[in-house]
Amino acid sequence: MFATKVVEEAWKWMPTKEPTIIVFYSSLYSPRVELDGKTADERILLDALDKAIDTIQPTYEHPIVAKPFFPYISDMSFVAISDDEEGIRAVKDNNPGWGTKHHVAYEDVRELNIPIINIGPYGMDAHSKLERMEMTYSMEILPNLTKEVIENVLNDSK
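Using the working numbering, the first residue of the sequence shown is number 2, and each one after it goes up by one.
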């Protein structure tokens, strides 16, 4: 709301009221997280996931597919960051509430830089009133897949 009020106030002071497009950020930015195997830790995690899928796939009739990018907002954005400094600077410079109404220590996130994957439930229409979960995958396959990934990471990190 603060950012919207700032834009509304700025508009009042504009000398002309011609049709205009105003672009601004109004909430926290959740940085993208990309796991591409560039570091040893990332490769360990990706290998652990591949092995886990190979182990669990025979018990599930549908293909288990690993995708290289999670295109949604996630809490994972606060343990690793793939955006460069220029991109983060643009977020800070274009957010009217930055530094007064909210702040994220993106530098600290970059320092953490924990390789992450999202192994989550599967379903349709997430976060809507029609949200549905595929029960077999989410309640049976997912816990075992997660366990396998964790065990593989621990074994490969020794």
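Where is the CB? At the ideal position from N, CA and C, for every residue including glycine.
Tell me the residue span of the alpha helix (DSSP H) that contains residue i.
{"i": "ASP55", "result": "41-57"}
{"i": "ASP94", "result": "86-94"}
{"i": "LEU155", "result": "143-157"}
{"i": "TYR107", "result": "107-113"}
Candidates the options: which alpha carbon is nearest residue i's?
{"i": "ASP157", "options": "ALA53, GLU9, PRO72", "result": "ALA53"}
{"i": "HIS128", "options": "TYR73, ILE120, ASP85", "result": "TYR73"}
{"i": "ILE22", "options": "VAL8, SER31, PRO64, TRP14", "result": "VAL8"}
{"i": "GLU62", "options": "ILE115, PRO144, THR137, THR147", "result": "THR137"}
{"i": "SER31", "options": "PRO116, ASP126, TRP12, HIS104", "result": "HIS104"}
{"i": "ASP109", "options": "GLY38, VAL80, THR101, ILE45", "result": "VAL80"}
{"i": "VAL154", "options": "VAL66, GLU43, LYS93, GLY121", "result": "GLU43"}
{"i": "PRO122", "options": "SER28, PHE3, THR147", "result": "THR147"}
{"i": "VAL24", "options": "ASP84, VAL150, LYS130, VAL92", "result": "VAL92"}
{"i": "ILE142", "options": "LEU36, TYR107, GLN58", "result": "GLN58"}
{"i": "ALA1", "options": "LEU36, PRO16, SER28", "result": "There is no way to answer for residue 1, as the model of the chain reaches only from 2 to 159."}
{"i": "ILE151", "options": "GLU112, ALA49, THR56, GLY88", "result": "ALA49"}
{"i": "GLY124", "options": "MET140, PRO20, THR101, ALA41", "result": "MET140"}
{"i": "ILE89", "options": "GLY98, ALA106, LYS159", "result": "ALA106"}
Going along the chain, which residues of its own chain have a beta-carbon closer than 6 Å to the beta-carbon of residue i, five neighbours each way excluded?
{"i": "ASN96", "result": "TYR26"}
{"i": "GLY38", "result": "ARG44, LEU47"}
{"i": "ASP126", "result": "GLU132"}
{"i": "ASN18", "result": "Note on residue identity: the sequence assigns Lys, not Asn, to residue 18. Hits under 6 Å: none found."}
{"i": "THR56", "result": "GLU149"}
Who does residue i pair with in a DSSP beta bridge?
{"i": "MET77", "result": "None; MET77 has no bridge partner."}
{"i": "MET134", "result": "GLY124"}
{"i": "GLU35", "result": "PHE70"}
{"i": "TRP12", "result": "Answer is none; TRP12 lacks a bridge partner."}
{"i": "HIS103", "result": "TRP99"}
Give me, in chain order, the residues of the same chain whose beta-carbon lies closer than 7 Å to that of residue i; leave out the 5 immediate sequence neighbours on both sides.
{"i": "SER78", "result": "SER31, PRO32, VAL34"}
{"i": "ILE115", "result": "VAL80, ALA81"}
{"i": "ASP84", "result": "PRO32, ARG33"}
{"i": "GLY98", "result": "PHE3, ALA4"}
Ordered along the chain, which non-local residues of its own chain (more than five positions away) have a Cβ less than 8 Å from that of residue i?
{"i": "PRO64", "result": "GLN58"}
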